[in-house]
Each structure stands twice: as C-alpha cells, then as structure tokens.
Amino acid sequence: MLTTEQKIQFDNQGFLNVPGLFSEAEVRSFRQHFMDLRAAGSYPGDSAGVDNDSNDPLKKYPRMIHMHRWDKLSWNWMLDSRLNACMTAILGREPFAVQTMLYFKPPGARGQALHQDQQYLRVQPGTCIAAWLALDDCDEENGCLRMVPDSHAWPILCTAKADTTQSFTDVTVDLPDDVDAQPVIMKPGDVVFFNGQVVHGSFPNTSADRFRRALIGHYIAGEARKVAKYYHPIYRMDGSPVQLDVSEGGGLCGRWVDVDGTPVIEMHRSEPLAW
1073 MLTTEQKIQF DNQGFLNVPG LFSEAEVRSF RQHFMDLRAA GSYPGDSAGV
1123 DNDSNDPLKK YPRMIHMHRW DKLSWNWMLD SRLNACMTAI LGREPFAVQT
1173 MLYFKPPGAR GQALHQDQQY LRVQPGTCIA AWLALDDCDE ENGCLRMVPD
1223 SHAWPILCTA KADTTQSFTD VTVDLPDDVD AQPVIMKPGD VVFFNGQVVH
1273 GSFPNTSADR FRRALIGHYI AGEARKVAKY YHPIYRMDGS PVQLDVSEGG
1323 GLCGRWVDVD GTPVIEMHRS EPLAW
C-alpha cells in the first residue's frame, strides 16, 4: 500500500498523507451514516451532550467517541485492511486497535489546541498511531489539521492552559517561537497517518457553510504491553481481543527553555491527566 518514498517520508517527519485511500462513494456513505446517527440523538461517549438550542456549533454536533463499541460500520472501518496495510508498513508489524472518533466541526466551530496523542494513550513500550480520514475537503478556511514536522522525535511535552475561545479543549503544548504547525490540506478519502508524539491540532472553522468532518482511528504499536485504561478493550486487526496492562499517568514531560539562544527541551516531573 505504501511506496518506499512514502515510508521514508513518515520516518522523517512523523506523518504521511495517503491520497484517495477511500473512494468517493465510501466517503459519501460515511458522511450520511454519521450525520444520521448524530441527528438521531446521543450515544455513549457524548460527554458534552447534544444541545440543538445552543449557540455553540459543537453543542449541536459534538464529537463521537468509541463508536466501534456499538456501531458496525465504525467497527469495520477501524479494522479495514487498507488501514492495516499502511500501518503495518509504517510500524513493521500489525498494530492493535483501541479507539474510533468522529469529528463533525461545523461552520463556526472552535478548533482543538495543539497536543500529542501519546499524552493521553500512554502506550508502553512504543507509541500510538492515528489514522485520520477526511470526509470533506479540509483546508485552512474550515479548520484543517495542522502538524509540526519532526515533532515525532520529541518527548511528551508538559501541558499549559489553552485559549478556550479558539479551542474546545482546555490544554495545549507550547512551541519555540520559530516553530509553527503546518496545515495539512486534504481531499475527501485521503488518510493522514501520524505518530503519537507528533504535535497537532487545528484552528476554528471560519467558513460560512462548510463542515470539516473526519473519521479517526487510534492504534498502538504491536509490541505494546500497556495503554491507558480509557482505551481498553484492545483488539488485533482481525477483531480478536488482546489483553494488555493498564499504564500509569504522570512521569516526565518536556518544557522548551532557552539555552544560549537555542531552544532545547528540559524534562520535568508531570502530573497525571485525569481520565
């Protein structure tokens, strides 16, 4: 599924956009399926709740989490052979599957502050990997994904308070002044795979009438023995369950400091995130 050049690109920058991995017909089907589910009511994982009277677009279209636990389409997509083939090429062995998510991001919705997925999954040893399927055109106007190239080589960074007028999450990670998160422009059917250390997020959707929907799977390295409790149960890519231990929170995290005019990461003791 991947060329040698694509594998090198992932290794070098920590993420890779694979164009057209899913067909236009499949994407249309996914969009309709999840819009119908969202219109029908609330589901497990809708911690924010659905509030059609709210002025906040994300209250009308809150993200869905762990749909594979109750939705057959989500289960089948999470274990899709194309995703498996790409991640197996990237990782050198099959991953384990742990999570599905659906982001609707309607017009006017806030983005998500910069973060690292491994901060939450706490995979040991190794890290996690995400498969992020674009269900709409994703560009800067409607709040496309943004990533920091080469940040896959960084440790877990310490969190700071995020601007909740721009982000629906309240924590972020800081970057050196000369480092920016770059936009990842995608077409429907494209899938971007990215390493769990990669710093990523998005800006608000400033378009007048365009959604930026995305179907996301989270996976963990096949050699992993622990992952945070929130992501259990865990599955092999053939759908069979696998038993792993629960990883602990806390540990060390990195903060950017200036050393003789050069930004470097200094390690500090972190506080465990509450799940």
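In our numbering, each residue's number is its place in the sequence shown (first place is 1) plus 1072. Built from N, CA and C at the ideal position, the CB exists for glycine as well.
Cut-off 7 Å between Cβ atoms - residues of its own chain near residue i, not counting five sequence neighbours on either side
i	result
residue 1311	1151
residue 1336	1329
residue 1346	Its pLDDT being 48, under 50, residue 1346 is placed unreliably by the model, and the measurement read from it follows with that caveat. Cβ neighbours of residue 1346 beyond the five flanking positions: none.
residue 1242	1233, 1234, 1236
residue 1168	1291, 1292, 1294, 1296, 1306, 1307, 1308, 1314
residue 1117	1136, 1137, 1138
residue 1222	1085, 1086
residue 1287	1102, 1149, 1174, 1205, 1207
residue 1212	1255
Identified DSSP bridge partners for residue i
i	result
residue 1314	1306
residue 1330	1335
residue 1173	1137, 1288
residue 1271	For residue 1271, which the question treats as bridged, DSSP gives no partner whatsoever.
residue 1298	1196, 1317
residue 1279	Paired residues: none, contrary to the question.
residue 1266	1087, 1202
residue 1324	1341
residue 1168	1292
With 16 other Cβ atoms within 10 Å as the buried cut-off, status of residue i
i	result
residue 1277	buried
residue 1080	exposed
residue 1101	exposed
residue 1261	buried
residue 1086	buried
residue 1208	buried
residue 1143	buried
residue 1273	buried
residue 1084	exposed
residue 1114	exposed
residue 1280	exposed
residue 1127	exposed
Residue i (DSSP reduced to helix, strand or coil)
i	result
residue 1133	coil
residue 1247	coil
residue 1292	strand
residue 1259	coil
residue 1196	strand
residue 1347	Since pLDDT at residue 1347 reaches only 43, below the 50 mark, its modelled position is unreliable, and no value is offered.
residue 1233	strand
residue 1184	strand
residue 1191	helix
residue 1254	strand
Cβ neighbours of residue i in the same chain (closer than 6 Å, five flanking residues each side left out)
i	result
residue 1309	1151, 1156, 1166
residue 1140	1146, 1147, 1150, 1172
residue 1275	1183, 1215
residue 1181	1129, 1130, 1277
residue 1044	Any answer about residue 1044 is impossible in this case: the structure gives the chain only from 1073 up to 1347.
residue 1082	1088, 1162
Any non-hydrogen atom of the ligand PLP within 6 Å of residue i CB
i	result
residue 1282	For the ligand PLP, the structure offers nothing, since it holds no ligand at all.
Close beta carbons around residue i, own chain, < 8 Å, minus the five adjacent residues each side
i	result
residue 1326	1226, 1227, 1228, 1229, 1230, 1337, 1338, 1339, 1340
residue 1247	1186, 1220, 1253, 1271, 1328
residue 1250	1335
residue 1090	1073, 1074, 1078, 1158, 1262, 1263, 1264, 1265
7 Å Cβ cutoff, residue i in contact with chain C
i	result
residue 1328	Absent here is chain C; the protein component of the structure consists of one chain.
Any chance you could list the beta strand (DSSP E) runs of at least 3 consecutive residues sitting entirely within the segment 1200–1230, in chain order?
1200–1206, 1217–1219
Can you give, in chain order, each stretch of the alpha helix (DSSP H) that sits fully within the segment 1076–1162 and has at least 4 residues?
Considered as a whole, the segment 1076–1162 harbours 1076–1085, 1096–1112, 1129–1132, 1144–1150 as its complete alpha helix (DSSP H) runs of no fewer than 4 residues, in chain order.
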